[in-house]
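Enquirer:
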Amino acid sequence: MKYVDEFRDPDLGRTLSREILATVEPGRHYKVMEVCGGHTHAIYKYGLDDLLPDCVELVHGPGCPVCVIPMGRVDDAIAIAHQPGVIFTCFGDMVRVPGSQGSLLEAKARGADVRMVYSPLDALRIARANPDREVVFLAIGFETTAPSTALTLKRARAEGVENFSCICNHVTIVPPLRALLESPDLRLDGFIGPGHVSTVVGARPFQFIPSAYGKPIVVSGFEPLDVLQGVHMVLRQLAEGRCEVENQYSRVVPYEGNPRALAVMEEVFALRPHFEWRGLGFISQSGLRLSDAYADLDAEQRFAVPGVRVADPKACQCGEVLKGVIKPWECKVFGTACTPERPIGTCMVSSEGACAAYYNFGRFAREREVV
Amino acid sequence: MTEPTACATIEAGCITCGDVAVPMTVVSLDDERGLALCEATDGARSTVETGLVAGVDAGEVLLVHAGTALAHLGPDALPSGEVVWA
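Residue numbers (this note's numbering), protein chains in the order written: chain A, 12 to 382; chain B, 156 to 241.
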């Protein structure tokens, strides 16, 4: 079958693995960052790192939407969830992200009406069905998810649903990549670019990576062969002395992205001057708020929120993991105090988080090696 | 207390939080409201926003994330099953 099965073929995977081995320069160590949590998940799920030569190191990037939410924003969400008459809606993993006073799931246990939804449209449906309640949707995610929130807000406006509002935590992918490239403690040779974010923004926004920083980037899909081919294309650029944006995922990602999605985001959102990322600190123009035209649907204006910055727990090293400075298992609390069942840090919450992905798929292989 | 299950379709993780987009087949269309009833490979059906993709037809495959179609996919874009990588 076209498009998917070919990209899961183990024989082709072994062939590609041999081609990668033939591409690397003897004695050279390569550090390639996969930006997106979906790639991290695929790498551990399929054991792709075992198919790479030892000299090719994959570094996990900051592209997991829940991993980068700072504690203060979780506290703001919980404060709204506890308001009388509020139905608080959010995606499934977000309910387990710890704030300074617990998670939304714990807020639910204490009596707040917190409901998990699959899409913003589901949250709007809850608002329609409960006209006497205030329904708040916690919007998180990169440019993949932001258009969905934007369309829902437009729909709420068009249908006159007045009891619906949104606390916006959408973030954009380019500013954190720029921050990582400016970071002195991280030396990368190239990037595997995010596939689904690029469905919306296209491959064009990543042009600054080769032009300003001299690093190759290959936008890649999420099937195992997509990721291996992406790594191969990065290594081939390095071997041939090239440095450009390449699109491995061209069967889905157009170079210019999805113009309709970009237009609806432009209408509904505006850039915040700065936004805090867990572990990375404040990054300029990296977060979205609702535009002035949609301010009446902004839950941060409709409800009082603490808006307090809260430092990450001292034991948590999510910041170093998100920057690729340490591997998940090098964190002091990995797999002991911090597990997917009881996460301390955000990277252990979502299955796309580097720590949770490694905990679920990779730790047994490593334990065998260590033993 | 049980763990969240509403979105637990991949290894107990939320596919929307995980930035995962899935191929879904269009079953029927509501052009007036810009919505489509779509079916995933496991047979689960859900309502999908089609405002970001032009000219959607019944029977075609869309790439869907958070209840919103992001792109058209080819008619053969559905996987026939999981594989084991040894």
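Backbone N, C-alpha and C fix where the C-beta goes; we use that ideal spot for every residue, glycine too.
This structure is a prediction, so every number in the text was calculated from the model and none was measured.
What does the Cβ neighbour count give for B/Gly272, buried or exposed, with the cut at 16 atoms within 10 Å?
Expert: The requested residue 272 of chain B does not occur in the structure, where chain B is confined to residues 156 to 241.
Enquirer: Starting from the beta carbon of A/Asn269, find every residue of chain B whose beta carbon is closer than 9 Å, and list them in chain order.
Expert: Leu207, Val208, Leu225 and Ala226
Enquirer: Can you list, in chain order, the residues of the region 120 to 137 of chain A whose Cβ is nearer than 9 Å to any Cβ on chain B?
Expert: Within the region 120 to 137 of chain A, the residues whose Cβ lies closer than 9 Å to some Cβ of chain B are Ala120, Arg126, Met127, Val128, Tyr129, Ser130, Pro131, Leu132, Asp133 and Arg136, listed in chain order.
Enquirer: Thinking B/Gly229 and B/Val216 are a contact (beta carbons under 8 Å), I'd like their distance in whole angstroms, please.
Expert: Indeed, because the Cβ distance is near 7 Å, the residues count as touching under 8 Å.
Enquirer: What's the gap between the Cα of A/Val229 and the Cα of A/Gly252?
Expert: 15 Å
Enquirer: In the region 43 to 125 of chain A, which residue ranges form an unbroken beta strand (DSSP E) of at least 3 residues, counting only runs that do not cross its ends?
Expert: 67 to 74 and 97 to 101
Enquirer: Go through the region 136 to 215 of chain A residue by residue and report every complete run of the alpha helix (DSSP H) that reaches 4 residues or more, in order.
Expert: As far as the region 136 to 215 of chain A is concerned, its whole alpha helix (DSSP H) runs of at least 4 residues are 157 to 170, 185 to 193 and 206 to 212.
Enquirer: If you reduce the DSSP assignment to three classes, tell me which class A/Asn258 lands in.
Expert: strand
Enquirer: Once you ignore the five residues that flank A/Val79 on each side, which residues in its own chain have a CB closer than 8 Å to its CB?
Expert: Pro73, Val182, Pro187, Trp288, Arg289, Gly290, Leu291, Leu333 and Thr357
Enquirer: Provide the residue(s) that pair with B/Pro178 in DSSP beta bridges, ordered along the chain.
Expert: Answer is B/Leu218, bridged to B/Pro178.
Enquirer: Assuming A/Ser209 contacts A/Gly152 under a Cβ cut-off of 8 Å, what Cβ separation, rounded to an integer in Å, is found between them?
Expert: So it is not a contact: roughly 14 Å between Cβ atoms.
Enquirer: Give me, in chain order, the residues of the same chain whose beta-carbon lies closer than 6 Å to that of A/Gly298; leave out the 5 immediate sequence neighbours on both sides.
Expert: Val182, Arg283 and Phe286, listed in sequence order.
Enquirer: Counting only Cβ pairs nearer than 9 Å, list the residues of chain A close to B/Leu218.
Expert: His207, Thr210 and Val263
Enquirer: Taking just the CA atoms, how far does A/Phe148 sit from A/Cys177?
Expert: 5 Å
Enquirer: If you draw a straight line from the C-alpha of A/Tyr260 to the C-alpha of A/Val245, how long is it?
Expert: 14 Å
Enquirer: Would a check of beta-carbon distances place B/Val175 closer than 7 Å to chain A?
Expert: yes
Enquirer: Would you kindly work out how many angstroms separate the C-alpha atoms of A/Asp237 and A/Ser231, rounded to a whole number?
Expert: 6 Å
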